[in-house]
Amino acid sequence: MNALSFILAIVAGGLGAGLRYGATVALPPKKEGFPLAIFIVNVVGSFLIGVFTALLINTVLSTELGFILVAGFCGGFTTMSTFAVESVERMQSGKWVIAGLNIIGSTAAGLLAVGAGYVISGGPLSS
């Protein structure tokens, strides 16, 4: 990886974080409700990681561009830490069902989204 790729990954990460911020402004989280913005962001980001991974495997994307898109953009866009904080906040306020739906739903939807992005983009189903 060269210096330009590193700088582009930083810029892409900033773009991803900016889009995540935009999602939380468009769908502001309510302290006790379902954290929809971060759920959507993480599922969309998971789908994109599946797409980019398949394109990397099929050598449609270079390793450098894959790093910029996956570690940079998707790394800035998706957020495990906010997902965890929002889940804990629901638990602390006694909203156990919402916390459970967020934890199970985000995990399941994220895995399905990665798989869908991977398959749709031509990723091999077995090695």
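Each residue of the sequence shown is one higher than the one before, counting from 0 in numbering that gives the first Met the number 0. For glycine and all other residues, C-beta sits at the position ideal for the given N, C-alpha and C. All of these numbers come straight from a predicted model, not from anything done at the bench.
- In this structure, ILE37 and THR78 form a Cβ contact; the two beta carbons are roughly 6 Å apart against a cut-off of 8 Å.
- Sequence-distant partners of LEU60 (beyond 5 residues in either direction) whose C-beta falls short of 6 Å from its own C-beta, in its chain, are LEU54.
- With respect to the C-alpha of GLU85, the residue from ALA22, LYS29, LEU7 and ALA25 having the closest C-alpha is LYS29.
- In the DSSP assignment, GLY65 falls within the alpha helix (DSSP H) that extends over 62-66.
- Between the segment 104-118 and the segment 39-47 there are three or more inter-stretch CB-CB distances shorter than 8 Å, so the stretches are counted as touching.
- Between the segment 2-15 and the segment 63-79, the count of Cβ pairs shorter than 8 Å is three or higher; the stretches touch.
- Counting along the chain, MET90 sits inside the alpha helix (DSSP H) bounded by residues 79-91.
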